[in-house]
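Residue numbers (the UniProt record's numbering): 1 to 488.
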């Protein structure tokens, strides 16, 4: 068997020599251009002219062939240069890999884990866990999906720096319980985002798989999102996984996973610690708890169905929105309150209940959140009232009241919610309109919010079918006008 040795520096040198040869030939051809193509006739007779023309034609043909040869020569030189570069890159890669192998060998032998490098993903269809990343630097591998009815594999852990692997999806099962998702792995101890939880599998005849929890971050990084549940065509669906917590110093909490059927529990949103936003609670009956904002700054997470929004951070941050109702058994959640600076969250809308109230604005500056819309009703029953708008702090406007819900065919529309109070400087919120009413039934508008010292009162909400409009809010004691009453 023959062996070929290729040294990149030799190939590069040969390419340089060939380029020099090509330059020399091109220079000689250029020097011969005018003496050979411009041969003059020896005499004025026709024979001399024909001989001179023949020499000129031969010279032009030679120059054309020389140009083609020069182009081929140039292409050949480029190919040799490219080959030398490819050989050099391959050698550099081999050297780098050899160096990494030497660095990783001790930790691989002691801990079965490299020092630097990413972990391998688990094989899909087996539920195999993802391999951990390097102890110093590297991302964890993602977990493999589960086989029939099998749980998904967990994500691989990160080291000091790196992202955690996401969990694998739970396996579907047409004739039995489905598998749950694999857990998301934590982010790097110093820096890195956590992995997401795997989604649950679907079952045709039995229990659906639950979504798995997302991993939590270390010092800096975001928590992983919780996995969504699977579906079941025979029983209630599974529950969503909880979102992971953000980094201790900075990072957002992960969102909770939802219950795809809307019947199982939603996953809780992950919490932030010092700086960061709380994760949203997942959809479900009831939904997931909203994640807490960072202690100093950050927005509160939105509540899942029927649960309140979380408070904003102490120094700065908006309150989260309250979760709406998706069943008669679960009332909507109120909007979260802001910190020193920020806006209150909106109240959740009712389904067969009154709308929830909006959250208060920041103590120093911020607007109140809007009230949620009231739910609808049937028969002779009135619609449900809208939620009240949240109050402002020192500076800011009150939140608007929520609209009342539809009444039944013989029932009044729901009353609009009242507008929130304005700040020391700020306007009152507008009252919510009464809900739609049929025939001779009516609905009443909500009252506008009051201003305090400087600001205008909020307008009253409109009534329906001759129902009374809401009263306008009073203007500020120093500067401001009263709000207009609502239309009847």
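Idealized CB from N, CA, C, for every residue including glycine.
Note that the structure is predicted; figures quoted are calculated from it, not measured.
- In this structure, the beta-carbon distance from residue 457 to residue 426 does not fall below 8 Å.
- Nearest Cα to residue 169 within the set 155, 145, 188 and 149: 145.
- Rounded to whole angstroms, the separation of the alpha carbons of residue 307 and residue 460 is 29 Å.
- For the options 337, 258, 300 and 276, the alpha carbon positioned closest to that of residue 288 is the one of 258.
- The Cβ atoms of residue 176 and residue 140 do not sit closer than 8 Å to each other.
- When only Cα atoms are considered, residue 476 and residue 450 end up about 8 Å apart.
- Residue 237 and residue 265 have their C-alpha atoms roughly 9 Å apart.
- The C-alpha of residue 127 is placed about 12 Å away from the C-alpha of residue 172.
- Shown here, residue 438 sits in coil according to DSSP, grouped into three states, outside any helix or strand.
- Take the alpha-carbon of residue 310 and the one of residue 158: they are about 30 Å apart.
- In this structure, residue 106 sits away from residue 138, with a CB-CB distance that is not shorter than 8 Å.
- DSSP, read as helix, strand or coil, puts residue 101 in helix.
- Contact between residue 212 and residue 230 does not hold, since their C-beta atoms are separated by about 11 Å, which reaches or exceeds 8 Å.
- For residue 275, DSSP records a beta bridge to 250 and 297.
- Short of 6 Å from the beta carbon of residue 217, and not among the five residues preceding or following it, lie these beta carbons of its own chain, in chain order: 187, 194, 223, 246, 247 and 251.
- As DSSP reads the structure, residue 173 sits in a beta bridge with 203.
- With distances taken between CA atoms, residue 390 lies nearest to 430 out of 430, 379 and 122.
- Taking each of 174, 147, 134 and 432 in turn and checking the Cα distance to residue 165, the smallest one comes out for 134.
- Bridge pairing for residue 220: 191 and 250 [DSSP].
- For residue 443, the three-state secondary structure derived from DSSP is strand.
- Residue 338 is a Cβ neighbour of residue 312, given a cutoff of 8 Å.
- When C-alpha distances from residue 111 are compared across 136, 254 and 190, the shortest belongs to 136.
- The secondary-structure analysis by DSSP pairs residue 341 across a beta bridge with 316 and 365.
- Around residue 432, the same chain offers 386, 401, 402, 403, 416, 417, 446 and 461 as residues with beta carbons nearer than 6 Å, after the five sequence neighbours per side are excluded.
- Residue burial annotation: residue 378 is exposed, with fewer than 16 other C-beta atoms found within 10 angstroms of its C-beta.
- Collapsing the DSSP output to three states places residue 74 in a helix.
- Counting the other Cβ atoms within 10 Å of the Cβ of residue 123 gives fewer than 16, which makes it exposed.
- Assignment of residue 126 by DSSP, reduced to helix, strand and coil, places it in the coil class.
- Residue 283 is positioned such that its CB atom lies closer than 8 Å to that of residue 305.
- The Cβ neighbour count for residue 75, taken over all protein chains shown within 10 Å, is under 16; the residue is labelled exposed.
- Taking the CA atoms as reference points, residue 301 sits about 16 Å from residue 241.
- Assignment of residue 161 by DSSP, reduced to helix, strand and coil, places it in the strand class.
- When C-alpha distances from residue 243 are compared across 292, 261, 274 and 220, the shortest belongs to 292.
- Assignment of residue 137 by DSSP, reduced to helix, strand and coil, places it in the strand class.
- Comparing alpha-carbon positions, the option among 368, 253, 407 and 444 lying closest to residue 340 turns out to be 368.
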